């Protein structure tokens with residue numbers, strides 16, 4: 401293809417911040433503490449770090465390496481990058497569609513949830529939920545805000561929709577400025593800021609002591625113990641290991657197609673080994689140290705051990721948007737604490753959502769020669785329409801359906817394809833050389849065999865187990881109510897249409913290349 405001038409990262413710290421921003425999202429501060437608390441506490445860390453070492457980090461290196469490699473041929477997205485890895489197979493580019501489709505599906509609902517954090521940071525400053533003192537009332541506040549019910553707090557969805565529009569506009573504005581002037585510049589501000597917010601919140605929580613005078617055992621030390629004391633018997637449960645692996649996928653953004661797109665804007669001699677590991681380390685600090693030091697200990701010292709099972713089992717979003725505002729209401733300067741908490745979540749959300757949109761924007765730029773501004777305009781128009789489906793059918797199971805296909809199934813499937821391509825089709829010796837080209841560190845040789853054998857085997861087992869245990873119940877919609885089934889069927893039909901449209905676009909793009917005589 402004719403190589404036009406490509407946008408580039410201005411510095412190593414720029415791409416590290418951007419990739420860390422893609423990884424550091426709502427899941428670090430909401431999902432991880434709940435997963436740990438519900439899956440054996442400290443015992444959860446054993447399968448968690450095993451998955452990090454044998455699946456997460458190898459996939460990160462794979463995605464950084466193949467992204468940089470594909471970028472050398474003018475491709476920034478999986479269809480083109482996969483084609484460069486296996487030129488003799490004319491169908492492999494269609495498998496790469498998953499690396500555009502998956503993040504788009506997640507962005508459909510993620511942007512709306514992200515807008516809640518902006519709204520709640522504003523509500524904290526104006527003390528809109530100040531005075532609400534029980535879980536039921538705060539839950540009603542959230543449902544009213546979401547438009548799921550009319551109550552004394554909200555008469556409809558208008559407020560939530562305004563904050564969605566603001567959030568959507570911020571995402572598009574960042575994307576419109578490009579890699580260097582938009583994503584990199586924003587992440588250089590957002591990542592340090594959210595770390596500062598997180599440190600302030602963690603220090604405040606860890607210095608609470610025992611705030612309920614009549615309950616001296618409701619203290620921070622016991623709160624940390626509730627989260628981290630290991631229940632080793634849970635290690636016998638396969639679901640704990642699967643939950644830990646799922647969290648690694650979720651938190652590192654592997655299997656999305658995002659990292660390889662970001663890495664495609666590297667130069668050929670730029671390091672990927674140390675840079676990739678640095679981005680992973682930043683994410684783990686945010687998740688394991690900051691994320692685990694805020695929610696669960698804070699809930700423990702104010703509500704006590706008897707309530708923790710219910711609180712931890714209520715889900716990540718209930719914990720973040722219901723329990724945490726109640727906790728801040730019991731602390732000095734609740735408006736400041738609330739603003740820091742939801743501001744942190746908002747910054748983490750935006751750095752993740754812009755990364756999800758980037759593969760689609762890059763695809764339009766690379767394969768259809770659209771300008772950055774036109775590509776963002778086209779994507780923005782399509783995504784705005786799709787996001788509205790998630791907003792207005794929130795209570796009909798649409799978000800859960802989108803999350804399963806985009807945020808679970810596609811991640812594992814895409815990761816399996818790319819690691820097999822890299823280790824077996826591209827050949828592991830050539831792949832190993834590619835990872836180390838320009839590297840500032842030498843990766844232990846054992847990872848050469850982990851990438852070729854262990855990681856793909858593990859992913860194939862997970863996929864096989866899923867097909868064996870879950871495929872038929874999901875297809876039959878066994879756990880879907882009769883009232884929600886039309887909405888789920890409509891969602892699935894919509895997903896098929898999106899995938900087929902992307903497939904047609906890939907076919908048209910490669911036909912254009914042949915017509916122009918470009919290398920396909």
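In this note's numbering, the protein residues as written are 401 to 920. Even glycine gets a Cβ: it sits at the ideal position worked out from N, Cα and C. The structure displayed is predicted, hence computed values, not measured ones.
Legend entry - Other residues of its chain near residue 414: CB distance less than 8 Å, five sequence neighbours each side excluded: Position 14 of the chain shown, counting from 1, holds the residue named residue 414. So the list reads 580, 584, 587 and 588, once near-sequence residues are dropped.
Legend entry - Spatially closest choice to residue 708 from 500, 642, 622 and 602, by CA coordinates: Working through the chain shown from its first residue, we reach residue 708 at position 308. Nearest C-alpha to residue 708: 622.
Legend entry - For residue 741, three-class secondary structure by DSSP: Here the question's residue 741 lines up with position 341 in the chain shown. If DSSP states are grouped into helix, strand and coil, residue 741 belongs with the helices.
Legend entry - Segments assigned alpha helix (DSSP H), at least 4 residues, entirely inside the segment 739 to 792: 772 to 792
Inset, instruction - Measure the alpha-carbon distance for residue 405 versus residue 520 and round it to whole angstroms. - result: Along the chain shown, one-based indexing puts residue 405 at 5. Along the chain shown, one-based indexing puts residue 520 at 120. Going by C-alpha positions, residue 405 is about 41 Å away from residue 520.
Inset, instruction - Give the range of the alpha helix (DSSP H) segment to which residue 500 is assigned. - result: Within the chain shown, the letter at position 100 stands for residue 500. It spans 498 to 526 - the alpha helix (DSSP H) in which residue 500 sits, taken as one unbroken run.
Inset, instruction - Let me know if residue 749 comes out buried or exposed under the rule of 16 or more other beta-carbons within 10 Å of its beta-carbon. - result: Your numbering for residue 749 matches position 349 in the chain shown. So residue 749 ends up on the buried side.
Inset, instruction - Evaluate residue 876 with the Cβ neighbour count: other Cβ atoms within 10 Å of its Cβ, from every protein chain shown; 16 or more gives buried, anything less gives exposed. - result: Here the question's residue 876 lines up with position 476 in the chain shown. Looking at its Cβ environment, which holds fewer than 16 other Cβ atoms inside 10 Å, residue 876 is exposed.
Inset, instruction - Tell me whether residue 870 is buried or exposed, calling it buried when 16 or more other Cβ atoms sit within 10 Å of its Cβ. - result: Within the chain shown, residue 870 is the residue found at index 470, counting from 1. When all chains shown are included, residue 870 counts as exposed.
Legend entry - Coarse secondary structure for residue 552, derived from DSSP in three states: Locating residue 552 in the chain shown gives position 152, counting from the first residue. Three-state result, residue 552: coil.
Inset, instruction - If I'm right that residue 697 touches residue 799 with Cβ under 8 Å, what's the distance once you round it to whole angstroms? - result: Taking the first residue of the chain shown as position 1, residue 697 is located at position 297. Taking the first residue of the chain shown as position 1, residue 799 is located at position 399. Rounded, the Cβ-Cβ distance is 29 Å, inconsistent with contact.
Legend entry - Cβ-Cβ distance between residue 608 and residue 822 below 8 Å: To locate residue 608, count along the chain shown from 1; it is residue 208. To locate residue 822, count along the chain shown from 1; it is residue 422. Not a contact, by the Cβ cut-off of 8 Å.
Legend entry - For residue 475, the three-state DSSP class (helix, strand or coil): On the chain shown, residue 475 is found 75 positions in, with the first residue counted as 1. Looking at residue 475 - three-state DSSP - the assignment turns out to be coil, as it is neither helix nor strand.
Legend entry - Within 8 Å, strictly: CB atoms of residue 743 and residue 597: Sequence index remark: in the chain shown, residue 743 carries index 343 (1-based). Sequence index remark: in the chain shown, residue 597 carries index 197 (1-based). Contact: yes.
Inset, instruction - Examine chain C for any beta-carbon lying closer than 8 Å to the beta-carbon of residue 414, and answer yes or no. - result: Of the chains in the structure shown, none is chain C; there is only one protein chain.
Inset, instruction - Could you check if residue 526 is buried or exposed, using at least 16 other CB atoms within 10 Å of its CB as the buried criterion? - result: As a working note, residue 526 is residue 126 in the chain shown. Classification of residue 526: exposed, given that the 10 Å Cβ count is below 16.
Legend entry - Under 8 Å between C-beta atoms of residue 704 and residue 577: Counting from 1 along the chain shown, the entry for residue 704 is found at position 304. Counting from 1 along the chain shown, the entry for residue 577 is found at position 177. Result no, Cβ atoms of residue 704 and residue 577 do not sit closer than 8 Å.
Legend entry - Exposure label - residue 830; buried when at least 16 CB within 10 Å: Locating residue 830 in the chain shown gives position 430, counting from the first residue. By the 10 Å Cβ count, residue 830 comes out exposed.
Inset, instruction - Classify residue 862 as buried or exposed, calling it buried when 16 or more other Cβ atoms lie within 10 Å of its own Cβ. - result: Reading the chain shown from its first residue, position 462 is the one you call residue 862. By the 10 Å Cβ count, residue 862 comes out buried.
Legend entry - 8 Å Cβ cutoff met for residue 683 and residue 645: Stepping through the chain shown from its first residue, residue 683 is reached at position 283. Stepping through the chain shown from its first residue, residue 645 is reached at position 245. No. Outside cutoff.
Legend entry - Span separating the alpha-carbon of residue 408 from that of residue 539: Looking up residue 408 in the chain shown gives position 8. Looking up residue 539 in the chain shown gives position 139. Roughly 45 Å separates the two Cα atoms.
Legend entry - Straight-line gap, residue 729 to residue 710 (C-alpha atoms, nearest Å): Indexing the chain shown from 1 puts residue 729 at position 329. Indexing the chain shown from 1 puts residue 710 at position 310. For residue 729 and residue 710, the distance between alpha carbons rounds to 20 Å.
Inset, instruction - Identify which residue in 692, 542, 900 and 751 has its Cα closest to the Cα of residue 417. - result: The sequence position of residue 417 within the chain shown is 17, counting from 1. With distances taken between Cα atoms, residue 417 lies closest to 751.
Inset, instruction - Consult DSSP for residue 602 and reduce its assignment to one of helix, strand or coil. - result: Here residue 602 refers to the residue found at position 202 when the chain shown is read from its first residue. Reduced to three states, the DSSP call for residue 602 is helix.
Inset, instruction - Tell me whether the beta-carbon of residue 424 lies closer than 8 Å to the beta-carbon of residue 662. - result: Here residue 424 corresponds to residue number 24 of the chain shown, with the count starting at 1. Here residue 662 corresponds to residue number 262 of the chain shown, with the count starting at 1. In this structure, residue 662 does not lie closer than 8 Å to residue 424 by Cβ.
Legend entry - As assigned by DSSP and simplified to three states, the class of residue 910: Numbered from its first residue, the chain shown carries residue 910 at position 510. Of the three classes helix, strand and coil, the one that applies to residue 910 here is helix, per DSSP.
Inset, instruction - Take the Cβ of residue 599 as the centre, count every other Cβ of all protein chains shown within 10 Å, and call the residue buried at 16 or more, exposed below. - result: For the purposes of this step, residue 599 is taken as the residue at position 199 of the chain shown. Counting Cβ neighbours within 10 Å, residue 599 comes out exposed, since fewer than 16 surround it.
Legend entry - CA-to-CA distance, residue 594 to residue 440, given in whole angstroms: Sequence index remark: in the chain shown, residue 440 carries index 40 (1-based). Sequence index remark: in the chain shown, residue 594 carries index 194 (1-based). Each residue's alpha carbon lies about 28 Å from the other.
Inset, instruction - May I ask which residues mark the beginning and end of the alpha helix (DSSP H) holding residue 538? - result: If you number the chain shown from 1, residue 538 lands on position 138. Segment 535 to 546, the alpha helix (DSSP H) holding residue 538.
Inset, instruction - State buried or exposed for residue 487, treating a residue as buried only when at least 16 other CB atoms are found within 10 Å of its CB. - result: Locating residue 487 in the chain shown gives position 87, counting from the first residue. Label assigned to residue 487: exposed.
Legend entry - Among 489, 449 and 495, the one whose alpha carbon lies nearest that of residue 813: As a working note, residue 813 is residue 413 in the chain shown. Checking every option, the nearest Cα to that of residue 813 belongs to 495.
Inset, instruction - Identify whether residue 618 lies in helix, strand or coil by the three-state DSSP scheme. - result: Locating residue 618 in the chain shown gives position 218, where the first residue counts as 1. Residue 618 falls in the coil class under three-state DSSP.
Inset, instruction - Consult DSSP for residue 879 and reduce its assignment to one of helix, strand or coil. - result: The residue labelled residue 879 in the question sits at position 479 within the chain shown. Three-state result, residue 879: coil.
Legend entry - From 632, 546, 902 and 810, residue whose alpha carbon lies closest to that of residue 443: Here residue 443 refers to the residue found at position 43 of the chain shown. The residue with the shortest Cα to Cα distance from residue 443 is 632.
Inset, instruction - Determine the DSSP secondary structure at residue 437, reduced to helix, strand or coil. - result: Looking up residue 437 in the chain shown gives position 37. In this structure, residue 437 counts as helix in the three-state DSSP scheme.
Inset, instruction - Output the residue ranges of the alpha helix (DSSP H) runs that lie fully inside the segment 819 to 845 and measure 4 residues or longer, sorted by chain position. - result: Segments of the alpha helix (DSSP H) lying fully in the segment 819 to 845: 828 to 836.
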